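Asker: Numbering (my numbering), first residue to last: 6 to 508.
Heads up, the beta-carbon is just placed ideally off N, CA and C, and yes, glycines get one too.
Small disclaimer: the values here were computed from a predicted structure and weren't measured.
#1: By how many angstroms is the C-alpha of residue 152 removed from the C-alpha of residue 51?
#2: Whose CA, out of 249, 191, 54 and 110, lies closest to the CA of residue 170?
#3: By alpha-carbon positions, which one of 367, 506, 488 and 458 ends up nearest to residue 87?
#4: Using 8 Å for Cβ pairs, my map puts residue 246 next to residue 167. What's the rounded Cβ distance?
#5: If you reduce the DSSP assignment to three classes, tell me which class residue 322 lands in.
#6: What span of residues does the beta strand (DSSP E) with residue 67 cover, start to end?
#7: Evaluate the contact criterion for the stretch 313-331 versus the stretch 176-190: three or more CB pairs, one atom per stretch, below 8 Å.
#8: Nearest by alpha-carbon distance to residue 188: which of 199, 237, 404 and 397 is it?
#9: Name, in chain order, the residues that DSSP records as bridge partners for residue 21.
#10: Buried or exposed: which applies to residue 341, given that a residue is buried once 16 or more other Cβ atoms fall within 10 Å of its Cβ?
#11: With DSSP as the reference, label residue 436 as helix, strand or coil.
#12: Which of the three DSSP states is assigned to residue 124 in this structure?
#13: Below 8 Å, how does it come out for the stretch 39-59 and the stretch 16-28: are there three or more Cβ pairs, yes or no?
#14: What residue does the alpha helix (DSSP H) around residue 487 start on, and which one ends it?
#15: Taking a contact to mean a Cβ-Cβ separation below 9 Å, would you say residue 511 touches residue 208 in this structure?
#16: Write down the C-beta distance between residue 456 and residue 195 rounded to the nearest angstrom, noting that I regard them as a contact closer than 8 Å.
#17: Comparing alpha-carbon positions, which option in 43, 268 and 16 lies nearest residue 489?
#18: Thinking C-beta only, is residue 175 closer than 9 Å to residue 30?
#19: Please identify the residue among 190, 114, 65 and 388 whose C-alpha is closest to the C-alpha of residue 433.
#20: Which residues in the same chain have their Cβ closer than 6 Å to the Cβ of residue 1, if we skip the five residues on either side of it in sequence?
#21: Work out the CA separation of residue 356 and residue 411 for me, nearest whole Å.
#22: Which value, in whole angstroms, describes the spacing of the CA atoms of residue 418 and residue 389?
#23: Where residue 244 and residue 26 are concerned, what is the direct C-alpha to C-alpha distance, given to the nearest angstrom?
#24: Span of the alpha helix (DSSP H) holding residue 294?
#25: Residue 2 by DSSP, collapsed to three states: which one?
#26: Going by DSSP in three states, residue 64 sits in which element: helix, strand or coil?
#27: Cβ atoms of residue 256 and residue 239: under 9 Å apart, would you say?
#28: At the level of alpha carbons, what is the spacing between residue 421 and residue 344?
#29: In the DSSP assignment, what residue or residues form a beta bridge with residue 139?
#30: Just to confirm, is the Cβ distance from residue 408 to residue 150 under 9 Å?
#31: Which complete beta strand (DSSP E) runs does the stretch 211-270 hold, if anything under 3 residues is left out?
#32: Could you give the residue range of the beta strand (DSSP E) that holds residue 197?
#33: Secondary structure at residue 501, three-state DSSP: helix, strand or coil?
#34: With DSSP collapsed to three states, give me the class of residue 151.
#35: Between the C-alpha atoms of residue 297 and residue 212, what's the straight-line distance to the nearest angstrom?
#36: Which residue spans inside the stretch 363-435 form an unbroken alpha helix (DSSP H) run of at least 4?
Set out below in structure tokens:
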């Protein structure tokens, strides 16, 4: 493989709650100064009207990527009135469910669909679960890589099927080893007491208002975070695009009694898009997804089926509350290594039995990954997490030296060394550092509020006029696009929804 093969295309989606000076979730609409959440290319909302999502463009330059993410934060901060970005993945003190505002996207058919989908999530899982913030890492390889990798593997002709097959191989290995990312980067070992309506045997009380597990790495990724009984019964197979698409499509068609009991409508108002196990494929929660940029009005699964996998989306990364942007360059370097390693290693098909075991491994590390006695089962063998992590990181470190040599850098080896220190000393992991800081502050609420205030000072520095102008232009364009969609749409919403779900 030549030097130009190891160039990585990256994008980041960072979610963060808007909160008031006391850390309470914002009750205000999406700031008008941020344009339309429906059509803005870089600033939108996730589940809640208060849950901002920043989406960078695709970059090969890591510093440029983080610079763009920083600009999105600064621009948005300048348009908010006496509010801050919440620094953690788990929310602050939460109000009653009905006071958590659901995102609004206007009166167009597609805007209504997005809001109704979120109403469906509320009726199915409650609103509290949807206030959790994450960081998604979008990653792909260049055409130079694929041409060289295809030659190594003896593949000729159209590379689209080959790319799809290889990305699914990456995904299978990722699912086998993603527990390591929770150990190394998980940053949510604690949550505000208001997050859970009922006590949990997995969590203890710290002070009056903080729930925690002394060995947890990521409550966000545990069953206490994104929990879903209906989806637990799904076997979404990542062995091929065909089986993946078939399983998700069937889940979108298959009625689920508990959701049928909710009802589809109340009067003329939709309560959910349908009464199936999944309303749409995005409802299926996974720590990684195969992706393809969809056309306007096209379902993601339709785009994948007809044009193949374009990139993968890593969804298991917590927001790092010690970083203003929620992630730093060292983490990016290790993610690059980890993903490339997953792609080039042999990746056997995953059986239903292995799939269940991998889910148990992930849950075990999420809720108790720093427990020195914790063991995981891989390929039928039970191994202690410290030993398993050390062996795995050592393997990736050897890989890092090769990539650095090809690229004339040392950043990948340095990132590996930083992760090895965490393996050798769990107190250096973000989850341990967060827990220590929470204890020192007295509560999760106080710790994260202090971090949010510090970052507010950081983002208060205004953008230079030449950097402000492009974001203002995109904001204005987003408003125009949203109005254009509303003015040009035809037919009834019922017909639009039927056609959309039929894809």
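Answerer: This is what the structure gives:
#1: For this step, residue 51 is matched to residue 46 along the chain shown. For this step, residue 152 is matched to residue 147 along the chain shown. A straight-line Cα-Cα distance of about 36 Å links residue 51 and residue 152.
#2: Looking up residue 170 in the chain shown gives position 165. Among 249, 191, 54 and 110, the Cα nearest to that of residue 170 is on 249.
#3: Mapped onto the chain shown, residue 87 falls at position 82. Comparing Cα positions, the closest option is 458.
#4: Residue 246 sits at position 241 when you count from the first residue of the chain shown. Residue 167 sits at position 162 when you count from the first residue of the chain shown. Rounded, the Cβ-Cβ distance is 12 Å, inconsistent with contact.
#5: Numbered from 1 along the chain shown, position 317 holds the residue referred to as residue 322. Strand, per DSSP.
#6: On the chain shown, residue 67 is found 62 positions in, with the first residue counted as 1. Careful: residue 67 lies outside any beta strand (DSSP E), inside the alpha helix (DSSP H) at 67-83.
#7: Counting Cβ pairs under 8 Å, three or more are found: they touch.
#8: Within the chain shown, residue 188 is the residue found at index 183, counting from 1. For residue 188, the nearest C-alpha among the options comes from 397.
#9: Counting from 1 along the chain shown, the entry for residue 21 is found at position 16. For residue 21, which the question treats as bridged, DSSP gives the partners 57.
#10: Translated into the one-based positions of the chain shown, residue 341 becomes position 336. Burial call: buried.
#11: One-based indexing of the chain shown puts residue 436 at position 431. Residue 436: helix per DSSP, three-state reduction.
#12: Your numbering for residue 124 matches position 119 in the chain shown. DSSP places residue 124 in the helix class (H, G or I) of the three-state scheme.
#13: The answer is yes - the stretch 16-28 touches the stretch 39-59, with three or more Cβ pairs under 8 Å.
#14: One-based indexing of the chain shown puts residue 487 at position 482. Where residue 487 is concerned, the enclosing alpha helix (DSSP H) stretches over 470-493.
#15: What the structure shows of the chain is the stretch from 6 to 508, and residue 511 is not part of that stretch, so it cannot be assessed.
#16: Translated into the one-based positions of the chain shown, residue 456 becomes position 451. Translated into the one-based positions of the chain shown, residue 195 becomes position 190. The Cβ separation is near 13 Å, so there is no contact.
#17: The residue labelled residue 489 in the question sits at position 484 within the chain shown. If you compare the alpha carbons of 43, 268 and 16 with that of residue 489, the shortest gap goes to 43.
#18: Numbered from 1 along the chain shown, position 25 holds the residue referred to as residue 30. Numbered from 1 along the chain shown, position 170 holds the residue referred to as residue 175. For residue 30 and residue 175, no; Cβs fall outside 9 Å.
#19: Along the chain shown, one-based indexing puts residue 433 at 428. That would be 190, whose Cα lies nearest to the Cα of residue 433.
#20: The chain is shown from 6 up to 508; residue 1 falls before or after that span and cannot be answered.
#21: The count along the chain shown starts at 1 and reaches residue 411 at position 406. The count along the chain shown starts at 1 and reaches residue 356 at position 351. Distance between the alpha carbons of residue 411 and residue 356 is about 36 Å.
#22: Within the chain shown, the letter at position 413 stands for residue 418. Within the chain shown, the letter at position 384 stands for residue 389. Taking the straight line joining both Cα atoms gives about 25 Å.
#23: Within the chain shown, the letter at position 239 stands for residue 244. Within the chain shown, the letter at position 21 stands for residue 26. Spanning the alpha carbons of residue 244 and residue 26 requires a straight line of approximately 48 Å.
#24: In the chain shown, residue 294 corresponds to position 289, counting from 1. Not the alpha helix (DSSP H): residue 294 falls in the beta strand (DSSP E), residues 293-296.
#25: Because the chain here runs from 6 to 508, residue 2 falls outside it and cannot be looked at.
#26: Within the chain shown, numbered from 1, the residue matching residue 64 stands at position 59. Looking at residue 64 - three-state DSSP - the assignment turns out to be strand.
#27: The count along the chain shown starts at 1 and reaches residue 239 at position 234. The count along the chain shown starts at 1 and reaches residue 256 at position 251. For residue 239 and residue 256, yes; Cβs fall inside 9 Å.
#28: To locate residue 421, count along the chain shown from 1; it is residue 416. To locate residue 344, count along the chain shown from 1; it is residue 339. If you take the alpha carbons of residue 421 and residue 344, they lie about 13 Å apart.
#29: Reading the chain shown from its first residue, position 134 is the one you call residue 139. In the DSSP assignment, the residues bridged to residue 139 are 323.
#30: For the purposes of this step, residue 408 is taken as the residue at position 403 of the chain shown. For the purposes of this step, residue 150 is taken as the residue at position 145 of the chain shown. For residue 408 and residue 150, no; Cβs fall outside 9 Å.
#31: Considered as a whole, the stretch 211-270 harbours 215-217 as its complete beta strand (DSSP E) runs of no fewer than 3 residues, in chain order.
#32: Taking the first residue of the chain shown as position 1, residue 197 is located at position 192. For residue 197, the enclosing beta strand (DSSP E) starts and ends at 195-197.
#33: Along the chain shown, one-based indexing puts residue 501 at 496. It is helical.
#34: Along the chain shown, one-based indexing puts residue 151 at 146. The three-state reading of DSSP puts residue 151 in helix, counting H, G and I together.
#35: The count along the chain shown starts at 1 and reaches residue 297 at position 292. The count along the chain shown starts at 1 and reaches residue 212 at position 207. Computed Cα separation, rounded: 46 Å.
#36: Fully enclosed alpha helix (DSSP H) runs of 4 or longer: 390-412 and 416-429.
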